[in-house]
Structures are given as C-alpha cells and as structure tokens.
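Notes for the one structure printed next.
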Amino acid sequence: MSKPAFMKIAQWKAGIVPVMYRRVPCARTGGLRFKLQGNGYWLLVYVMNVGGGGDIASMWVKGSKTGWISMSHNWGASYQAFASLRGQALSFKITSYTTKQTVIALNVAPSTWGAGMTYKSTVNFS
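Following this line, the structure appears as structure tokens:
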C-alpha cells in the first residue's frame, strides 16, 4: 500500500492496520493475451487480460515440436522457460491460483512469433 493511501486510514506512527478483503471475480471480455520476450534459448511471457480470480499459479509452454515445458515465475504475471522454441508454434497451459481452473490456449503464437509481439487467445478463466 502506498504511503498516501495508508495515511488516509491510519496514523503513520502506528505502522500496522488490519485490512480485511475478499477477492471478487474479474469479468474480462476476450481471451488471454500473451506478450513474448526473449531469445532463441529463453522465453519470457507476460500474461494479460486474466479473468476469473485474476491470478496465475502455474504455467506451461508447448512448442509444435516439444511436449509441455514447465515455466517458472519471473515477476508479476510473467513466466519464463529456458528452452529452444524458435520456429515453433506456441501453446500455453495456465492454472489459476484461486480457482484451480486450468485453461489451454492452443497454437496462440505462430511459428514466426517474435520478441515484443502480443498474441491473443480465445480462452480465459470463467
């Protein structure tokens, strides 16, 4: 929480404020979007427009010539894989942390995908 927001609800010197909250589903239109970064041996994927709980617990990538490869969490909604995936169409499998729902976005990025490009899928969490 930012200091200005904290100052609206608490005395700065107290330091701790108990906050109660609950998650609400994110109603999103359209599918998940994937922004790709990396090089021939490393893929970084930033996931956007995440519906449902709005969070990601785990993510996998599948090239058109590979099986499913587990991705590690990098930061925020970014996941990375250390694999050679150039020249392959990419699919993604994502599991939500709060709902445990898994969606599979098949062939989201074509074999000609490039770093800096964003690709749309037709699937999202409900």
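In the UniProt record's numbering, the protein residues as written are 1 to 126.
By construction, the Cβ of each residue, glycine as well, lies at the ideal position given by its N, Cα and C atoms.
Residue of Tyr119, Tyr46, Ser96 and Trp113 minimising C-alpha distance to methionine 86
Your numbering for residue 86 matches position 86 in the sequence shown. First, the amino acid is wrong: residue 86 is arginine here, not methionine. Ranking Tyr119, Tyr46, Ser96 and Trp113 by Cα distance to arginine 86 puts Trp113 first.
Cβ-Cβ distance between glycine 63 and serine 96 below 8 Å = Position 63 of the sequence shown, counting from 1, holds the residue named residue 63. Position 96 of the sequence shown, counting from 1, holds the residue named residue 96. No. Outside cutoff.
Could you name the residues of the same chain whose beta carbon sits closer than 8 Å to that of serine 111, not counting the 5 residues immediately before and after it, in chain order?
-> The count along the sequence shown starts at 1 and reaches residue 111 at position 111. Cβ neighbours of serine 111 beyond the five flanking positions: Ser64, Gly87, Gln88 and Ala89.
* Asked: Span of the beta strand (DSSP E) holding valine 94?
  -> If you number the sequence shown from 1, residue 94 lands on position 94. The sequence as given places isoleucine at residue 94; valine does not occur at that position. 90-95 is the span of the beta strand (DSSP E), which, as asked, contains isoleucine 94.
- Given a cut-off of 8 Å, decide if isoleucine 69 and alanine 83 are closer than it, judged by their beta-carbon atoms. Working through the sequence shown from its first residue, we reach residue 83 at position 83. Working through the sequence shown from its first residue, we reach residue 69 at position 69. Contact flag set, yes.
If we ignore side chains and look at the alpha-carbon of each, how far apart do tryptophan 75 and lysine 35 end up?
What you label residue 75 is simply residue 75 of the sequence shown in a count that begins at 1. What you label residue 35 is simply residue 35 of the sequence shown in a count that begins at 1. Between tryptophan 75 and lysine 35, the C-alpha separation is close to 14 Å.
| said: Relative to the C-alpha of leucine 106, which candidate in Ser78, Leu32, Arg23 and Val19 has its C-alpha closest? | reply: To locate residue 106, count along the sequence shown from 1; it is residue 106. The shortest Cα separation from leucine 106 among Ser78, Leu32, Arg23 and Val19 belongs to Leu32.
Q | For glycine 63: DSSP bridge partner residues | A | By 1-based counting over the sequence shown, the position of residue 63 is 63. Answer is Leu90.
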